[in-house]
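K.L.:
Below: one structure in structure tokens.
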Amino acid sequence: MLNLLSRKSESKNSVKRISPAEAKKRLDANEPIVLLDVREKNEYAGQHIPNSINLPLGQIQTVDKIVPDKNATIFVYCLSGGRSQSAASQMVKMGYQNIYNLGGIGGWKYGTVSSH
75 MLNLLSRKSE SKNSVKRISP AEAKKRLDAN EPIVLLDVRE KNEYAGQHIP
125 NSINLPLGQI QTVDKIVPDK NATIFVYCLS GGRSQSAASQ MVKMGYQNIY
175 NLGGIGGWKY GTVSSH
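Set out below in structure tokens:
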């Protein structure tokens with residue numbers, strides 16, 4: 075019984091994958107979602123998904139200053155999906171419950187903006 079319970083909480087508190095199409099649909103539905111770009115600031119400035127927040131992977135331990143709500147829905151992305159997976163895993167360990175790895179910005183076909 076105990077084993078079953080711990081497995082259940084583990085699956086709830088894990089990184090989920092989300093496709094760009096599903097993410098776009100949920101963002102367009104105005105769901106309260108935090109879109110987190112974990113690339114370096116210069117990468118973010120060059121191109122990012124509109125309304126995303128930049129928090130480089132090296133600073134992920136400070137995410138609670140940006141998103142204090144551990145139950146917030148957060149979509150994490152980077153360039154190719156590696157840093158977003160790492161950031162998402164760290165956030166799960168920090169107690170965040172609804173973390174989705176969106177993968178790399180290269181898979182995002184819905185328009186980007188730059189801050190140059």
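In terms of this note's numbering, the sequence shown opens at residue 75 and continues consecutively.
Each residue gets a CB set at the ideal place from its N, CA and C atoms; glycine is no exception.
This one's a predicted model, so the numbers in the text were calculated from it and none came from an experiment.
Quick check on the DSSP output: the alpha helix (DSSP H) that includes tyrosine 118 runs from which residue to which?
P.N.:
First-last of the alpha helix (DSSP H) with tyrosine 118: 115-120.
K.L.:
Which residue comes first and which comes last in the beta strand (DSSP E) that contains aspartate 111?
P.N.:
Note, aspartate 111: beta strand (DSSP E), 107-111.
K.L.:
Tell me whether the beta-carbon of isoleucine 123 lies closer than 8 Å to the beta-carbon of isoleucine 179.
P.N.:
Their beta carbons are under 8 Å apart, which means isoleucine 123 touches isoleucine 179 by this criterion.
K.L.:
Are the beta-carbon atoms of lysine 115 and proline 94 separated by less than 8 Å?
P.N.:
Going by C-beta atoms, lysine 115 is not nearer than 8 Å to proline 94.
K.L.:
Based on DSSP bridge pairs, tell me the residues matched to valine 150.
P.N.:
Per DSSP, Leu110 and Asn175.
K.L.:
Just to confirm, is the Cβ distance from tyrosine 174 to arginine 91 under 8 Å?
P.N.:
Their beta carbons are under 8 Å apart, which means tyrosine 174 touches arginine 91 by this criterion.
K.L.:
For alanine 162 and valine 187, I'd like the C-alpha separation in whole angstroms.
P.N.:
Near 23 Å, if we compare the C-alpha coordinates of valine 187 and alanine 162.
K.L.:
Measuring alpha carbon to alpha carbon, tell me which of Gln135, Ile148, Asp143 and Lys144 ends up nearest valine 127.
P.N.:
Correcting the residue type first, residue 127 is isoleucine in the shown sequence and not valine. Cα-wise, what sits closest to isoleucine 127 is Ile148.
K.L.:
Ignore the nearest five residues each way along the sequence and tell me which others in serine 158's own chain have a CB closer than 7 Å to its CB.
P.N.:
The residues are Val112, Val150, Tyr151, Cys152, Asn175, Leu176 and Gly177.
K.L.:
So, at 6 Å on beta carbons, what are the nonlocal neighbours of glutamine 121 in its own chain, with the 5 sequence-adjacent residues on each side left out?
P.N.:
Same-chain partners within the cutoff: Thr186 and Ser188.
K.L.:
Are the beta-carbon atoms of serine 88 and valine 137 separated by less than 8 Å?
P.N.:
Cβ atoms of serine 88 and valine 137: not closer than 8 Å.
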